[in-house]
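Q: My questions all concern the structure below.
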Amino acid sequence: MRLDKYLAHSTGLSRKEVKRALHSKSVTVNGAMVRDASFQLQEDAEVLFNKQLVSAPKHRYLMLNKPQGYVCSHEDPNHPTVAGLLEAEIRANELNIAGRLDVDTTGLLLVTTDGQWLHKITSPNHKQAKRYLVETADAIAVQTIDLFAKGVALKGEKNLTKPAVLEIIETHMAYLTITEGKYHQVKRMLAAVGNKVEGLHRSQIGGVVLGDDLALGEFKALSPEQVALLA
Ligand code: URA
Numbered sequence: 003m004r005l006d007k008y009l010a011h012s013t014g015l016s017r018k019e020v021k022r023a024l025h026s027k028s029v030t031v032n033g034a035m036v037r038d039a040s041f042q043l044q045e046d047a048e049v050l051f052n053k054q055l056v057s058a059p060k061h062r063y064l065m066l067n068k069p070q071g072y073v074c075s076h077e078d079p080n081h082p083t084v085a086g087l088l089e090a091e092i093r094a095n096e097l098n099i100a101g102r103l104d105v106d107t108t109g110l111l112l113v114t115t116d117g118q119w120l121h122k123i124t125s126p127n128h129k130q131a132k133r134y135l136v137e138t139a140d141a142i143a144v145q146t147i148d149l150f151a152k153g154v155a156l157k158g159e160k161n162l163t164k165p166a167v168l169e170i171i172e173t174h175m176a177y178l179t180i181t182e183g184k185y186h187q188v189k190r191m192l193a194a195v196g197n198k199v200e201g202l203h204r205s206q207i208g209g210v211v212l213g214d215d216l217a218l219g220e221f222k223a224l225s226p227e228q229v230a231l232l233a
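For the sequence shown, the residue numbers in the numbering used here are 3 to 233.
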């Protein structure tokens, strides 16, 4: 890992502050002063800042506002990737994405370097509620509220979907909250009632809400409370 990233992730200093620290000759690696931000650290390097030991960076937990057209994978021959948006923050081989979104879906993605945390929050036992803003091709029938509350049959699935909450806000627009994460679930649920999804945006996972402060393509760290809340 680069020295500047190691320092920023371990100490909470901003990139600018890390640069300043390096220029002021207050960082040593294995006893030798280093000023080069791009210096590559070995796994067992001993890093001191102002003569204090800097321990290895902790896991990172981020929320990202996924833009349309991006895929939730590390590599793709045809589309830009979420890994590309995050590459300054998390290396592709360390990146775990919780609850992938389709290429045309926008909104809240949780990403982390912590595989155990990811496993916990995505396990079916956890039943994290996910809230989506759905735009449809046809008007949403009021009866859909009841149908989704009881569960609908998805093509190719044995069991009905788990109870879901539909809040119709306009003729062609609604919030849908589900606790499962089946492949293309929202699109298939709307298809099951003879409608079609034209636009899909995830606004919330569990207690974590995507606020207006995060523009498409931007990300920020989850607070320790949010990390604990989801696990
Ligand atoms: N359901 C879908 O159909 N697509 C998504 O991206 C997320 C949920």
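Glycine included, each C-beta is placed from N, C-alpha and C at the ideal position.
Note down the Cα distance separating Leu97 from Glu89, rounded to an integer number of angstroms.
A: Using only the alpha carbons, I get a separation of about 9 Å.
Q: Can you give, in chain order, each stretch of the alpha helix (DSSP H) that sits fully within the stretch 103-151 and has at least 4 residues?
A: Counting only runs of 4 or more, we get 117-124.
Q: State the Cα-Cα distance for the pair Ser16 and His186, rounded to the nearest angstrom.
A: Distance between the alpha carbons of Ser16 and His186: 38 Å.
Q: CA-CA distance, Arg4 and Lys198?
A: Distance between the alpha carbons of Arg4 and Lys198 is about 47 Å.
Q: Note down, in chain order, each residue of its chain lying with its Cβ closer than 6 Å to the Cβ of Thr173, except the 5 sequence neighbours on either side.
A: Contacts found: Ala141.
Q: Figure out for me which residue from Ala58, Asn95, Tyr63 has the closest Cα to the Cα of His76.
A: Checking every option, the nearest Cα to that of His76 belongs to Asn95.
Q: Could you give the DSSP three-state label for Ala58: helix, strand or coil?
A: Here Ala58 sits in coil by DSSP.
Q: Among residues of its own chain, excluding the 5 on either side of Gly101, which ones have a beta-carbon nearer than 6 Å to its beta-carbon?
A: The answer, listed in chain order, is Gly183.
Q: Could you tell me the boundaries of the beta strand (DSSP E) in which Thr179 lies?
A: Looking at the DSSP string, the run of the beta strand (DSSP E) that includes Thr179 is 175-180.
Q: For the alpha helix (DSSP H) containing His25, list its first residue and its last residue.
A: 17-25 is the span of the alpha helix (DSSP H), which, as asked, contains His25.
Q: So which residues touch the region around ligand 1, with touch meaning a C-beta under 6 Å from any heavy atom?
A: Counting every residue whose Cβ lies closer than 6 Å to a heavy atom of ligand 1, we get Leu103, Asp104, Thr107, His186, Gln187, Val188, Lys189, Leu202.
Q: In the structure shown, what three-state DSSP assignment does Tyr8 receive?
A: Helix at Tyr8.
Q: When DSSP labels each residue in this structure, what does Leu216 get in the three-state scheme?
A: Three-state result, Leu216: coil.
Q: Looking at the structure shown, is Val84 part of a helix, part of a strand, or coil, going by DSSP?
A: Reduced to three states, the DSSP call for Val84 is helix.
Q: Asn67 bridges to which residues according to DSSP?
A: In DSSP, Asn67 forms a bridge with Leu110.
Q: Note down the Cα distance separating Ile123 from Ser26, rounded to an integer number of angstroms.
A: Cα to Cα, the separation comes out at about 42 Å.
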